[in-house]
Amino acid sequence: MSGKGSIQDFAALETLFKRFYKPLRAYAFRFVGDKDLSEDVVQDVFFELWKRRGSIRFEDAAVKSYLFRAVYTHALNALNKKPQNVCSLEPAREADILDQYVTSYMQNSEQSLLLKELEEEIMSYINTLPPQCHKIFMLSRSYGLKNREIAEQLDISVKAVEKQISKALYGLKQHLAQKDLFPLLALAVTCLSH
């Protein structure tokens, strides 16, 4: 992450994303007729907008028409079977993205200021985990302990630690998807890790 400028830019991008994500997804869906593909198209457009943030002012009224135009173009490209234009999020990558975000957010409070709603949902979900699962997850993600270290500390097998972490991440993914926050999470990780 490159300092404060990037954080303010991302906060502005987040505002645009929350405002336009659903209408843009519906617009993309009209062309591609596929829910996952329309989500990919919209995320890809926002990521491109992020890469061009030096030349585009996020608060400019023209951004709205730029977004709709870009979604139209990307949707057509996707239909023409040009997958290189669509940054698709395979299920295998979803878990990585979630894991990456949770780890970086729990160890970096500055980033969490950007995504208050996301942070609150993550914490409220983590607090519903059964005690052992909660403890393992916090030791792993907040304190950065290795699975082996957690296993030794709690006197359980490494396999048991891995199983609890997978269970927590899977549940968290479902929880965020229900709240329609998963696309914002994917965008946050993509933008802030470049």
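Each residue of the sequence shown is one higher than the last, beginning at 279 in this note's numbering.
We put the beta carbon where it would ideally sit given N, CA and C, even for glycine.
Simplified DSSP assignment, three categories, for residue i
i	result
residue 458	coil
residue 311	coil
residue 354	helix
residue 318	helix
residue 334	coil
residue 434	coil
residue 408	coil
residue 463	helix
residue 422	coil
Pair within 8 Å by beta-carbon distance, residue i and residue j
i	j	result
residue 398	residue 459	no
residue 446	residue 411	yes
residue 455	residue 321	no
residue 341	residue 302	no
residue 443	residue 418	yes
residue 429	residue 435	yes
residue 357	residue 309	yes
residue 462	residue 354	no
residue 295	residue 325	no
Outcome for residue i when other beta-carbon atoms lying within 10 angstroms are tallied against a minimum of 16
i	result
residue 300	exposed
residue 304	exposed
residue 329	exposed
residue 451	buried
residue 408	exposed
Cβ-heavy atom distance, residue i to the ligand ATP, below 7 Å
i	result
residue 311	The ligand content of the structure shown is nil, which means the ligand ATP is not present either.
Specify whether the segment 289 to 298 and the segment 311 to 318 touch according to this definition: at least 3 beta carbon pairs, one from each stretch, less than 8 Å apart. no
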